[in-house]
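If you read the sequence shown in this note's numbering, its first letter stands for residue 534, the second for the next number, and so on. Here a beta-carbon is modelled for each residue, glycine too, at the ideal position from N, C-alpha and C. Computed from a predicted model, the values in this text were never measured in an experiment. Step one of this worksheet: look at the structure below.
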Amino acid sequence: MMLLHVSTAYVCGEGTGLIMEKPFCMGESLKGTCKLDIEVEKKLVDEKMNQLRTQEVALAMKDFGLKR
């Protein structure tokens with residue numbers, strides 16, 4: 534299970550003055566010109582987590598080798 538929080542403060546676009554919070558629907562953005570695809574975002578997170586795990590294993594094995 535994974536929790537992904539995406540701040541809606543500046544998802545896509547900018548506004549001037551006081552910007553009141555309002556609930557957004559899935560995929561909606563400030564400008565309405567670009568869509569937020571949660572499946573793409575989840576895939577990016579999964580890929581990054583796999584990359585970090587691989588780097589962690591490589592670093593741990595390097596440290597282990599240096600200690601031996």
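Check for me: the alpha helix (DSSP H) holding residue i runs from which residue to which?
i	result
Glu574	571-600
Who are the near neighbours of residue i in its chain, counting only those whose CB is closer than 8 Å to its CB and skipping five residues on each side?
i	result
Val578	Met535, Leu537
Glu572	none
Express the C-alpha separation of residue j and residue i in angstroms, rounding to a whole number.
i	j	result
Ser540	Lys576	18 Å
Glu554	Gln584	35 Å
Val590	Met582	12 Å
Leu599	Glu574	37 Å
So, for residue i: in the same chain, excluding its five sequence neighbours on each side, which residues have a beta-carbon less than 7 Å away from its beta-carbon?
i	result
Lys595	none
Looking only at its chain, what residues have a beta carbon closer than 6 Å to the beta carbon of residue i, apart from the 5 residues adjacent to it on each side?
i	result
Thr549	none
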